[in-house]
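Inspection log for the structure reproduced underneath, given as structure tokens.
There are 2 protein chains.
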Amino acid sequence: MMNIAVAQSGGPTCAINASLVGVFREALKVPEIDAIFGSVNGIEGIISNHLIDLKTLINTNEDLELLRQTPSTVLGSCRYKLPDSADDEEVYKKIVKTLKQRRIGAFFYIGGNDSMDTVNKLSAYFAEHSIDIKVIGIPKTIDNDLCVTDHTPGFGSAAKYVIATLHEIVRDSSVYSIPSVTIVEIMGRHAGWLTASSAVLHALGETAPHLVYVPEAEFSLDKFLNDVRNQMAKHKAVVVAVSEGTEVPEGVQSGVVDNFGHKYLSGIGKYLEEEVRRQIGCKVRSIELNVMQRCSSHLCSQTDIDESEAIGAAGVRCALDGGTGKVMVFRRVNDMPYTVVIESADAELIANEEKFLPREYINSEDNNINDIALSYFLPLIQGDLNIRMDMGIPKHFTIQESLLR
Amino acid sequence: MMNIAVAQSGGPTCAINASLVGVFREALKVPEIDAIFGSVNGIEGIISNHLIDLKTLINTNEDLELLRQTPSTVLGSCRYKLPDSADDEEVYKKIVKTLKQRRIGAFFYIGGNDSMDTVNKLSAYFAEHSIDIKVIGIPKTIDNDLCVTDHTPGFGSAAKYVIATLHEIVRDSSVYSIPSVTIVEIMGRHAGWLTASSAVLHALGETAPHLVYVPEAEFSLDKFLNDVRNQMAKHKAVVVAVSEGTEVPEGVQSGVVDNFGHKYLSGIGKYLEEEVRRQIGCKVRSIELNVMQRCSSHLCSQTDIDESEAIGAAGVRCALDGGTGKVMVFRRVNDMPYTVVIESADAELIANEEKFLPREYINSEDNNINDIALSYFLPLIQGDLNIRMDMGIPKHFTIQESLLR
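Top to bottom, those sequences are chains A and B.
Going letter by letter, the first sequence gives residues 5 to 409 in the numbering used here.
Going letter by letter, the second sequence gives residues 5 to 409 in the numbering used here.
And the structure:
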């Protein structure tokens, strides 16, 4: 008999809790697994021995269904950067102490590429010290920027929200008779995946987004203004999708960095809005989809939620088969009919790496997305959950605040 | 036999097209009505004789179902302020010319309080000149600030989006272990209805929104900062809902005015974010729900859409019964079971007037909403449309751009 622990890390998505459900449901089926501990605030809960027994909180299948449709991380999150063990072994000793004291034989870490760095370091440390605790990474990020895997859990739901919302913004922006420009700023850090997904609207027969700017392409303000003028000659209401990480002249971005040395990106939409107003002088508005694009589970992709649960479950099986230092990944077999298989990859191939949009997805003018990309995006946004409602509003599964403090 | 015309005006909502469906479906049932003309860009289409024959564009019941779930105004919109006929009779003559040339016996104007001003002026002019053309107003606005009517078509869907999205933002904002403040700026112009609706979350067991500021209550920056500090003592992640129209120190709002002399309101969320950062120094984020709160029909209220269609249909019956210069209104008979009846009221009672939150809805500290308000809001957000999807995205009914130019 052994116990297991699971933690959630990094920025919220609609699918992190579905992966927790996958770990939980799969672990329940395994006779040799006893307690399923949730670590509060990611790896920080392991370091500080702040674990909660999930079986006491999740009592019914209905609880699991609610958890599947609840956005963000029910166990809290962190942006903790695990130091190298050579620099600071103390924290590793604390982790080992908690895991041994709680008789934990496998630890599942649901997170982005920074969390996969933790999986990599921790499993290497355990191997070095002959500690038999499996460490498995379950990927997640709306940015879709993890290597090896075809796509990341959470991306499909974010893309579905972005596309559907942009579709609605297109309707909203085109009502008046005067020409206008609407600039929508979309997340994704240094990768343009989420912004590029907005081009799915072309498959629905929309001319919008008329311009799409991703960090992987060349960008200049003069070219942008020229692109806008060209589109205004053709369309009354021009809609532009731009990645938060698109490189712009100095001074736009705040320069503040997080614990991983990443810059907080924000503000390009507002900046471009002001330049259009100043240099073109037409009606212009910028819209930040903000955190809604990562937490709007009321419009999640069923494919994404189902896959996110499945990849969590596959992580448990991987650990039971002796895997450690692995990250679970999707390999796409076919676009149509859409088929994926779940495999595992070495965490060191994924940790701290970023995957960018293929060049062939971006048009030669560097200002839109080619149709070839659509067969990649479309399968990921299919299907709708049967969302449980309470008083007209989607219901969430939560853990009382006092247990998380 | 006669023809009729219908137009849409003002800012988009999720329900304006449903009211158009109501007018269209009801008119189809009436043997004495022949053509149903849509006026492009509100009253501007009547002035310039830019009408389209809707029966040639809307061919099936499926078209109507799609139109019901399409946000914004399929016929375009305007913010045209009809002058007094004493000041400028020319425009009235153009309107009469179009209506007579097209043999239009009734004109239905779907819009907010400014459009009801048009209904009022036009019907008075027709009466004065013994012109037998009925003019009926069908209300709409997410701001819910029209007098006489219990609520306005479009408000329920906007409220449902605001409440559900705030719920998701609450999940998103509470993941990290450090204290934080999240400020959500909500539309509604000078009325706090939409912002106040966010308090429905309390009925779902949420402590958030911890603070709610509406234009009808007293506001001061010092008191706000003190309120935030008090809430931070109790909650790790404080969530604040604030109306765009909440009065703040000078210099925050842009001062730009539209054709009706209304100030464009925006920026209080950002302003309060900066003050919290500067004076409290904690993690803080502001979020503008922006146009999404008026066009996110993927999460509309079925009650709202059904009522919006019904009030459009009732407008047609009112005109056939000889009504003119009237605005259709809801009178609530009961909260639970929720019952409303549709009546008509004189347009002059509604034109240019605003309705504000009752004082008893606002708590004595001027920083939240009392539970007594919930029975008003709850019925308006109930039910979900069976949204038609295409490739994973809600489908829209549109009219080709060339016909709208």
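Backbone N, C-alpha and C fix where the C-beta goes; we use that ideal spot for every residue, glycine too.
query                                                                                                                                                                 : result
Locate the alpha helix (DSSP H) running through Ala-355 of chain B, then write down its first and last residues.                                                      : Element bounds for Ala-355 of chain B: n/a, residue is neither H nor E.
Tell me where the alpha helix (DSSP H) around Thr-186 of chain B begins and ends.                                                                                     : Premise fails: Thr-186 of chain B lies in the beta strand (DSSP E), 184-190, not in any alpha helix (DSSP H).
Which same chain residues, not among the five before or five after Glu-220 of chain A, have their C-beta less than 7 Å away from its C-beta?                          : Gly-196, Phe-360, Leu-361 and Ile-366
Taking Cβ positions, are Asp-339 of chain B and Pro-383 of chain B nearer each other than 9 Å?                                                                        : yes
For the region 166-188 of chain B, list every residue whose C-beta sits within 7 Å of some C-beta in chain A, in sequence order.                                      : Ile-167, Ala-168, Thr-169, His-171, Glu-172, Ile-173, Arg-175, Asp-176, Val-179, Tyr-180 and Ser-181
Taking the alpha helix (DSSP H) that Met-340 of chain B falls in, what are its first and last residues?                                                               : First-last for Met-340 of chain B: undefined, no H or E at that position.
Terminal residues of the continuous alpha helix (DSSP H) containing Phe-41 of chain A?                                                                                : Not the alpha helix (DSSP H): Phe-41 of chain A falls in the beta strand (DSSP E), residues 37-43.
I believe Ile-56 of chain A touches Met-6 of chain A by the beta-carbon criterion, under 8 Å. Please report the beta-carbon distance rounded to the nearest angstrom. : Their Cβ separation, rounded to whole angstroms, is 18 Å, which puts Ile-56 of chain A and Met-6 of chain A out of contact at 8 Å.
Under the three-state reduction of DSSP, which class applies to Asp-325 of chain B: helix, strand or coil?                                                            : coil
Any beta-carbon of chain B closer than 9 Å to the one on Leu-382 of chain A?                                                                                          : yes
Under 9 Å between C-beta atoms, does Ser-312 of chain B make it to chain A?                                                                                           : no
According to the neighbour-count rule (16 or more other Cβ atoms, all chains shown, within 10 Å of its Cβ), is Gly-265 of chain B buried or exposed?                  : Residue placement at Gly-265 of chain B is flagged as unreliable, the pLDDT there being 49, under the threshold of 50; the coordinate-derived value follows with that caveat. The residue is exposed, with fewer than 16 neighbouring Cβ atoms inside 10 Å.
Could you pull the DSSP bridge partners for Gln-73 of chain A from this structure?                                                                                    : Looking at the DSSP assignment, Gln-73 of chain A forms no beta bridge with any residue, so it has no partner.
So, does the CB of His-194 of chain A fall closer than 9 Å to a CB anywhere in chain B?                                                                               : no
With 7 Å as the C-beta to C-beta threshold (strictly closer), list the residues of the region 211-222 of chain B near chain A in chain order.                         : none
Please classify Gln-306 of chain A: does DSSP put it in a helix, a strand, or coil?                                                                                   : helix
By Cβ distance below 7 Å, which residues in the same chain neighbour Ala-200 of chain A in space, the five residues on each side in sequence not counted?             : Val-216, Val-218, Leu-361, Tyr-365, Ile-373 and Ala-377
Compute the Euclidean distance between the alpha carbons of Lys-274 of chain B and Ile-173 of chain A, then round it to the nearest angstrom.                         : 22 Å
Are the C-beta of His-155 of chain B and some C-beta of chain D separated by less than 9 Å?                                                                           : Considering every chain present, this structure includes no chain D. Its protein chains are A and B.
For Met-4 of chain B, which of B:Glu-277, B:Ile-346 and B:Ala-131 has the nearest alpha-carbon?                                                                       : This structure leaves residue 4 of chain B out entirely; chain B is present only between 5 and 409.
Using a C-beta to C-beta distance shorter than 9 Å, which residues of chain A count as neighbours of Asp-308 of chain B?                                              : Those do not exist, as Asp-308 of chain B stays about 11 Å from chain A at its closest Cβ, beyond 9 Å.
Let me know if Lys-330 of chain B comes out buried or exposed under the rule of 16 or more other beta-carbons within 10 Å of its beta-carbon.                         : buried
In chain B, which residues lie less than 8 Å from Leu-303 of chain A when you measure between Cβ atoms?                                                               : His-302 and Leu-303
Judging by CA-CA distance, which residue of B:Pro-143, B:Thr-77, B:Ser-13 and B:Asp-121 is the nearest neighbour of Gly-319 of chain B?                               : B:Pro-143
Quick one: is Pro-87 of chain B near chain A, going by C-beta distance under 9 Å?                                                                                     : no
How would you label Ser-184 of chain B, buried or exposed, when you count the other beta carbons within 10 angstroms and need 16 or more for buried?                  : buried
Looking at the structure shown, is Ala-168 of chain A part of a helix, part of a strand, or coil, going by DSSP?                                                      : helix
Based on the DSSP secondary-structure assignment, which residues constitute the bridge partners of Phe-228 of chain A?                                                : Beta-bridge pairing links Phe-228 of chain A to no other residue.
I want to see whether chain A comes within less than 9 Å of Leu-407 of chain B, judged by CB atoms only; does it?                                                     : no
Quick one: using the 10 Å Cβ neighbour count with 16 as the cut-off for buried, is Glu-66 of chain B buried or exposed?                                               : exposed
List the endpoints of the continuous alpha helix (DSSP H) containing Val-78 of chain A.                                                                               : It is not in any alpha helix (DSSP H) - Val-78 of chain A carries neither H nor E in the DSSP assignment.
Are the C-beta of Gln-235 of chain A and some C-beta of chain B separated by less than 9 Å?                                                                           : no
Step through the CB atoms of chain B and report whether any lies within less than 9 Å of the CB of Met-393 of chain A.                                                : yes
Would DSSP call Leu-215 of chain A helix, strand or coil?                                                                                                             : strand
Taking 9 Å as the threshold (beta carbon to beta carbon), is Ala-207 of chain A in contact with chain B?                                                              : yes
For a contact meaning CB atoms closer than 9 Å, what does Gly-271 of chain A contact in chain B?                                                                      : Under the 9 Å cutoff, chain B gives no residues; its nearest Cβ is about 11 Å from Gly-271 of chain A.
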